[in-house]
Each structure stands twice: as structure tokens, then as C-alpha cells.
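S.K.:
Protein chains in written order, with the numbering used here: chain A, 811 to 1063; chain B, 662 to 1054.
1) Which same chain residues end up closer than 8 Å to residue 863 of chain A when comparing Cβ atoms and leaving out the 5 residues on each side of it in sequence?
2) Could you tell me whether the Cβ of residue 789 of chain B comes closer than 7 Å to any Cβ of chain A?
3) Identify every residue that forms a DSSP beta bridge with residue 895 of chain A.
4) For the beta strand (DSSP E) holding residue 854 of chain A, just list the boundary residues, first then last.
5) Going along chain B in order, which residues have a C-beta closer than 8 Å to the C-beta of residue 905 of chain A?
6) Between the region 899-914 of chain B and the region 950-959 of chain B, do three or more beta carbon pairs fall short of 8 Å?
7) Under 8 Å Cβ to Cβ from residue 665 of chain B, same chain only, skipping five residues before and after it: list those, please.
8) Got a sec? Which residues, its chain only, sit under 6 Å from residue 885 of chain B by beta carbon, not counting five neighbours each side?
9) Can you give me the C-alpha to C-alpha distance between residue 770 of chain B and residue 982 of chain A, rounded to a whole angstrom?
10) Could you please tell me which residues of the region 758-782 of chain B, in chain order, have their CB closer than 7 Å to any CB of chain A?
11) Taking C-beta pairs closer than 8 Å, name the residues in chain A that residue 730 of chain B reaches, listed in chain order.
12) Specify, as a first and last residue, the run of the alpha helix (DSSP H) that residue 813 of chain A falls within.
13) Could you give the distance in angstroms between the alpha-carbon of residue 810 of chain B and the alpha-carbon of residue 880 of chain B?
14) Can you find a heavy atom of the ligand SAH that lies under 6 Å from the Cβ of residue 989 of chain A?
15) Measuring alpha carbon to alpha carbon, tell me which residue in B:968, B:801, B:686 and B:938 is nearest residue 959 of chain B.
16) Using a Cβ cut-off of 7 Å, pull out every chain B residue sitting near residue 911 of chain A, in sequence order please.
17) Between residue 672 of chain B and the rest of its own chain, which residues show a CB-CB distance below 7 Å, the 5 nearest in sequence each way excluded?
18) What does the Cβ neighbour count give for residue 927 of chain B, buried or exposed, with the cut at 16 atoms within 10 Å?
19) Nearest by alpha-carbon distance to residue 842 of chain B: which of B:898, B:1004 and B:674 is it?
20) Per DSSP, residue 955 of chain A forms a beta bridge with which residues?
21) Could you name the residues of the region 942-970 of chain A whose beta carbon sits closer than 7 Å to any beta carbon of chain B, in the order they occur along the chain?
22) Counting contacts by CB-CB distance shorter than 7 Å, is residue 984 of chain A in contact with chain B?
23) Does the region 857-873 of chain B come within contact of the region 815-827 of chain B, defined as at least 3 CB pairs closer than 8 Å?
24) What residues in the region 876-910 of chain A bring their beta carbon closer than 9 Å to a beta carbon of chain B?
25) Would you mind stating whether residue 802 of chain B and residue 755 of chain B have Cβ atoms separated by less than 7 Å?
26) Would residue 688 of chain B be called buried (16 or more neighbouring beta carbons within 10 Å of its own) or exposed?
27) Is DSSP giving residue 628 of chain B helix, strand or coil here?
28) Under a three-way DSSP split, which group does residue 956 of chain B fall into?
29) Do you know offhand how far residue 816 of chain B's Cα is from residue 950 of chain B's?
30) Going by beta-carbon coordinates alone, are residue 857 of chain A and residue 930 of chain A separated by less than 7 Å?
31) Taking Cβ positions, are residue 854 of chain B and residue 676 of chain B nearer each other than 7 Å?
32) May I have the straight-line CA-CA distance separating residue 1007 of chain A from residue 928 of chain A, to the nearest angstrom?
33) Could you check the C-alpha separation between residue 1037 of chain B and residue 752 of chain B for me, to the nearest Å?
34) Could you pull the DSSP bridge partners for residue 961 of chain B from this structure?
35) Exposed or buried, which one is residue 681 of chain B when buried takes at least 16 other CB atoms within 10 Å?
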């Protein structure tokens, strides 16, 4: 099973990358589970025609009980992708990191992996690794690879560096390792060169170069990924090639 | 009010269960928690504390450590202490605050194991589950770590799984349990948890059957079944006739390889006004089965603890809610329970106190009877012999 956690600066396009990757894997005929780990709970919206599932934290808040079945907190989207959102506490209250840990623990109790038998699991994680909860997706038993989404912008690279550092800090713990970088272009000058230099300095590589494209936003307007709405567009092809690259990982064990 | 107990007590927490399960095995149990005092986990819930040494420590977690995620300090303390004391293993047990900040006990255990070369594992206790939850994890970790995989199967041998003083106190019942098994042809390889060494644990894979005497032993029994093909039998040989049924189930399981649950399977569904036994699923179920064989009338149980549905009958109850427990008591023709349940039992319903260390701790320890192989019906006939706390609203 290929298990990947997607990290990156807030607003850099993690959910776009994750859901397009999920759609691309699904087009290969693979069983995919995508788990949104952002309190905004909008990770899977473009796999579901704009109708995301009830987030786990919202379910617990609204019903004053834990969910008893996966059906209560998941929806199946494009290509059969099983979509789950952790959600989060009431804004300004509670603890979002704890919410992710609780969600993961519940999904384990509900035997998500045993019942869905996914080939690929994608964790779409909020911004930086700010506390223990946000490191949960890279713990042993969850993701085995980390992919960092960044542009060539300074603050995006700064966040990417923090994520690399956090992963490095956990080297002795059997956590996931950085698989590579997805360059999500913002069309800043010498963008590829900047990100390539960053990748080299962190002993990693650029896995995909996603062009800045109106195709992506046009598809999202319709609640779709670009892989679904414009699969042969440059952006659609870039995501599908990324899925091909990562598929080799699972073939190679 | 939901999930609120204003009269009833609570069962010992998971951390106590883990420490209790590991107490005699020569390891170092470290509770990652605030405070420098370990009395809650040890003296209150551990009758062996005053006469048997064991390495039980608290980390003295501070607010700053929790907020800042000072895992390095914890790892450093664990490594230094372990290198001085050279325990056989290290168990890192959680508590509420580390749970809230998402401390990764498994990852810390990997680090400590790498740095010390000593087996180390994390126990996911959080103070919000019962002792069974902690003890269950602890037993399983010990077996996964220390059971030799290539031991030959020995006929007529067994292990006892799920033993802690929280369910069996230190009243001699464990020795009597061993005696009754050995008198009936079963050599006990390891009574895991009490009167047991790690050397005995290493040989547990050679048993022909496992006897599970509390829910704390069930996960380990299932692991032995998957890993070694050893069947398990769930029941405590209490009473005379029921003891015989448990032993027959063990002999049958050892031959057929099939598991059995005499604590539920030998009972019949009970009427709504049947007597009620309150407690841990396997122990209470065994008492109910023994009572049924001796009196001829089915008995219900109330298990307000972690359980597996296969250990119960459909007329049994599992509520933890104080109001629901009180309502259930009003329907019974008799209640067998720890004395601390007495205040919610109507005066018109005969109450038969049976102290349970995991519920009332040391309050009634001296009155906990050894029921192994002993007729149970007198328990119902006996008048209240324990001074109970009667609270007034």
C-alpha cells in the first residue's frame, strides 16, 4: 500500500495536488482513500462535485457521539476515491492537532484500511508540522512518504525547509521520509531553478512541475479536479505523470 | 447527567492495569505524567507494593515539557535510568496530558531501544479507559517481545492469561488456580502476570491450550492463536461443577484446536428479574455460570468494563451509566457486586457484597474471597458481611 502525506505552506495548493493525485491514481484503476487533515475540511471537495463528507470532528460535535460506521463520515467520489475529512474544533477553541489524532484513532477502530483495502492512501495535511497532531500522518503505520508542495516563492520554500527539518528530527523514530517535491508554479522569476536548488540542498528531487493554469481553477469552479475535467490539459497530464512516477514506488516495494 | 457518577466509584485506570500486568517481570514501567508521586498507580491499586520490589517510575512531566514537546528530555532520562538499572525491558505508559498533546509512545520506544539496546515498548494508556485496556496491551507486548517462536508443543500444558491482582487480589487464588489445573493434568507453563518470570514467558508458545481468566488476557490469547495455533478457553474455574466444565473445555480445545467460552456458553439467557452479578466479563460470567449450575436458575451479568460481545449472553448488560445501573438493580432479585455498588441498590433487593480490587482498591481487600473451585451458591445465601458506605442524597 502506498501511503503519502502531502505537506506545504498554507494556500500553496496542497488540496489541489492531493485530490488531483487521487483522481490520477483512480484513473489507473487503483483504489484510493484521501483523508483531509485540515480543519477547513475542504480537501476532497473537488472529488465530490463540491459536496464534501461530514467531517469527523463535526460529526462528533453535532451528534455528541463517535461515528459507528465509515458510511457516516465518508463519501465516495470521482473514480471511487473514498473521501474523509478530519475537520476541526470550533474556531478559536479546542485543539486541531488533537482532532487529527482522534480522527486517526477512530478510523483505525472503524477498520478503514481492512474494509476499504486501498492501494493508495493520501493524507492532505494542514500547512506546517506545528505540533504532534500535525505529525500524526507521518508516524509509523500511517504515511511512508512525504511529498512537499512548494512554489519558488520565498515563504513557500521557508515552510518547505521547516517541514524537511521536522521530518529529519524524526529520523530515529521510524517515521516517513521525504519522497520529493511538487513544484506548483506561481510564475515567479527563475522558479524552477530556485526549487531545484532547494531540492538539491535537501538531498531530494522535484517529482512534478505543475504549470499555473486556468484549467485547474475552471475545473474547480465545477467541483472537479483538472484530472477529471481536463485530463489531457498540461496540468492534467502533469498530475497523471506524477501518479505514474509514484506507482513505480509501490511496484519497487 | 450523562456519563456522570455522583455515587458510584470508577474502576482502576489503564495505567494501573499496565503497571499491574508488568509488576513482577523485571522490567521498568515508566508513567509519563505530571507529579512526582506514583501512589495512585501503585499503592492504591497494587497490593504487592509493600512486599515486592518493582521498578515503577513517573517522569514528572511539567507544563513546559508538554507545551514544548520536550521529548528529548524524556528520552535522555529514560536512557540514563535504564543504563543504571539495566531492566529486562522498558514500558512507557501514557497518561491524559501526553495523550492530549499527541505524544508518540511507539516512536519514543524505538528511540530508547536504539540507544539502550533494551527492549522498549509504548503502552497507549490515557487514564480514560479501565485497567483492562492497559493490562491487555502490556501482556501482548511482553509476549510479542519475549516468546520464543520455535518451541515445540507440549501436550497437557497451558498458560493462564489475564492475571492481575486487580481481578484476583493476593488471596491465594492464583496458587489455587495453578493447583486445580495441575491436579487435572495441565502443567502450567506461565501464569502471566502473577507468580511468573520472563523465562516462563519465553516458553509460552509450547502450551497446548490457553486459559483466559479476564478480558485483559483476550488479545494475547488471540495473538497466540494466530501466531502459534494455540486455542483458548475463556472462564475462571470457580464453583465445583463449573470448574469441571472449564477443565473439560480446556481438554477438548487442546485436542480439537477450537476455542471455547464456557463463561457464556454454559449459561442460559436469564429472565429480566434474574439475579445480577457485576464485574469483569469473564470473572462475572464464570460466577454467573457457577451459580446457574448450583441453583438451576440463570443469572445475568452487568459488565461496565471493556468486553468482547462473544463473552456475554444477550440478556447481559454493559452499561456504565450510574442511573441505568441503579435502574437495573431495581429489576433484580439479588445483586452480587463490589460493596461500593451498595448505595445504588434498593433496600428491597438483596445485596451480596463481593469486593473487587479494581473497584474498591484496598478498602475491602482483606474480605476478598478465594472462589477457585469453591461452591458459589453460599455467596447468595450469605448475609451482608461487609460494612458498606451508604451515601444519602
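By construction, the Cβ of each residue, glycine as well, lies at the ideal position given by its N, Cα and C atoms.
The structure presented is a predicted model; accordingly, all values stated were derived computationally and were not measured.
M.R.: Taking the geometry as given:
1) Correct list, in chain order: 854, 883, 884, 885, 893, 894 and 895.
2) Contact with chain A is absent for residue 789 of chain B, since none of that chain's Cβ atoms lies less than 7 Å from the residue's Cβ.
3) Per DSSP, A:846.
4) From DSSP, residue 854 of chain A is part of no beta strand (DSSP E); its letter is neither H nor E.
5) Within 8 Å Cβ-Cβ: 761.
6) The way I'd put it, the region 899-914 of chain B does touch the region 950-959 of chain B; three or more beta-carbon pairs between them come closer than 8 Å.
7) Result list for residue 665 of chain B: 983, in chain order.
8) Closer than 6 Å at Cβ, skipping near neighbours: 871 and 891.
9) Each residue's alpha carbon lies about 10 Å from the other.
10) The region 758-782 of chain B vs chain A, Cβ under 7 Å: 761, 762, 763, 764, 765, 767, 768, 771, 772 and 775.
11) Chain A residues near residue 730 of chain B: 941 and 942.
12) Note, residue 813 of chain A: premise wrong, no alpha helix (DSSP H); beta strand (DSSP E) at 812-818.
13) The straight-line gap from Cα to Cα measures roughly 18 Å.
14) Absence of the ligand SAH is noted for the structure shown, with no ligands found whatsoever.
15) That would be B:938, whose Cα lies nearest to the Cα of residue 959 of chain B.
16) Within chain B, the residues near residue 911 of chain A are 763.
17) Only 791, 792, 966, 1019 and 1020 meet the Cβ criterion.
18) Buried, because 16 or more other Cβ atoms sit within 10 Å of the Cβ of residue 927 of chain B.
19) Comparing Cα-Cα distances from residue 842 of chain B to each of B:898, B:1004 and B:674, the minimum goes to B:898.
20) DSSP lists A:814 and A:987 as the beta-bridge partner residues of residue 955 of chain A.
21) Cβ contacts with chain B: 942, 943, 946, 949 and 950.
22) The beta carbon of residue 984 of chain A falls within 7 Å of a beta carbon belonging to chain B, placing the residue at that interface.
23) As far as the Cβ criterion goes, the region 857-873 of chain B touches the region 815-827 of chain B, which means the pair count is three or higher.
24) Hits within the stretch, in order: 905, 907, 908 and 910.
25) Taking 7 Å as the Cβ cut-off, residue 802 of chain B and residue 755 of chain B do not qualify as a contacting pair.
26) When all chains shown are included, residue 688 of chain B counts as buried.
27) This structure leaves residue 628 of chain B out entirely; chain B is present only between 662 and 1054.
28) DSSP, reduced to helix, strand and coil, places residue 956 of chain B within a helical segment of the structure shown.
29) Spanning the alpha carbons of residue 816 of chain B and residue 950 of chain B requires a straight line of approximately 28 Å.
30) Against a cut-off of 7 Å, the Cβ pair of residue 930 of chain A and residue 857 of chain A comes out as no contact.
31) No, Cβ-Cβ distance for residue 854 of chain B and residue 676 of chain B is not below 7 Å.
32) C-alpha separation (whole angstroms): 35 Å.
33) Each residue's Cα considered, the two are about 38 Å apart.
34) Residue 961 of chain B pairs with B:937.
35) So residue 681 of chain B counts as buried.
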